[in-house]
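First the structure, in the form of structure tokens, and then the observations on it.
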Amino acid sequence: FDLLPGNGDLTAAEIELMDESGREQRLKRALEPLRERYDFILIDCPPALSLLTLNALTAADSVLVPMQCEYYALEGLSALLQTIEALKSKLNPALEIEGVLRTMFDVRNNLANEVSANLGAHFGEKMFRTIIPRNVRLAEAPSHGQSIVGYDRGSRGAIAYLGLAGEILRHQRERQQSGAASDRNRPRDSAKEMSA
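One point on numbering: in my numbering, the residue at position 73 of the sequence shown is 73, and numbering is uninterrupted.
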């Protein structure tokens with residue numbers, strides 16, 4: 001795998017993009033030649049809906065929505081869902097929600113449990129089963145310049161993120177298998193049209 005970390009230069013990049021025509025498509029164009037080299041390209045975005053985030057959403061096939069189980073996070077989720085719908089109609093009709101991931105979850109917190117239940121009722125199958133717990137080791141890892149798996153593979157946070165990776169891979173395999181099954185059930189003439 002390859003890792004391309006961002007830095008403070010991204011602020012300048014956003015300013016430069018403001019005057020560029022087709023600015024929302026810039027990242028999509030840059031990633032297009034690389035798509036065949038990777039099974040997954042993950043783009044970590046800040047919670048703000050900036051021009052850089054719009055670029056990421058325009059380039060993406062799907063969105064993994066990390067969600068703290070807190071009241072104000074629900075308000076932000078509403079704005080994100082509206083943005084995704086607008087992007088689908090204007091810039092990226094194929095954009096889908098991969099799933100909603102509950103993060104910084106504390107099972108002892110009544111509000112967290114209530115928000116989690118509301119999310120489950122609203123998103124149903126789009127909710128990841130994996131829940132990322134509130135965990136001190138998760139908070140410490142970035143200050144050491146490491147991922148949580150590199151910092152403390154045995155921590156609850158690392159185990160949860162590894163579980164999330166497994167869940168995403170299972171979903172991907174299921175989609176590929178259901179796609180292959182639907183291809184086998186398609187009449188031969190239409191299958192030829194698809195490959196032509």
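Cβ atoms here follow ideal geometry from the backbone N, Cα and C, with glycine treated the same way.
Remember, predicted model here, so these are calculated numbers, not experimental data.
ask   = When the Cα atoms are used, what is the spatial distance from Leu169 to Gly99?
value = 13 Å
query = Where does Gln82 sit, in a helix, a strand or coil, going by DSSP?
reply = helix
query = With distances taken between CB atoms, is the gap from Asn55 to Leu27 smaller than 9 Å?
reply = yes
ask   = When DSSP labels each residue in this structure, what does Val63 get in the three-state scheme?
value = The three-state secondary structure of Val63, taken from DSSP, is strand.
ask   = Which class does Ile41 belong to by DSSP, given the choice of helix, strand or coil?
value = coil
Option nearest Ser62 by Cα separation, candidates Ala30, Pro93, Leu4, Glu14 = Pro93
ask   = Can you list, in chain order, the residues of its chain whose CB lies under 6 Å from that of Asp106, leaving out five sequence neighbours each side?
value = Excluding positions up to five away in sequence, the list reads Ala112, Arg134.
task = Quick one: residues in its chain with C-beta nearer than 7 Å to the C-beta of Glu200, no 5 flanking neighbours on either side, listed in chain order?
result = The structure shown has nothing for residue 200, since the chain only spans 1 to 196.
query = For Leu101, which three-state DSSP category applies?
reply = strand
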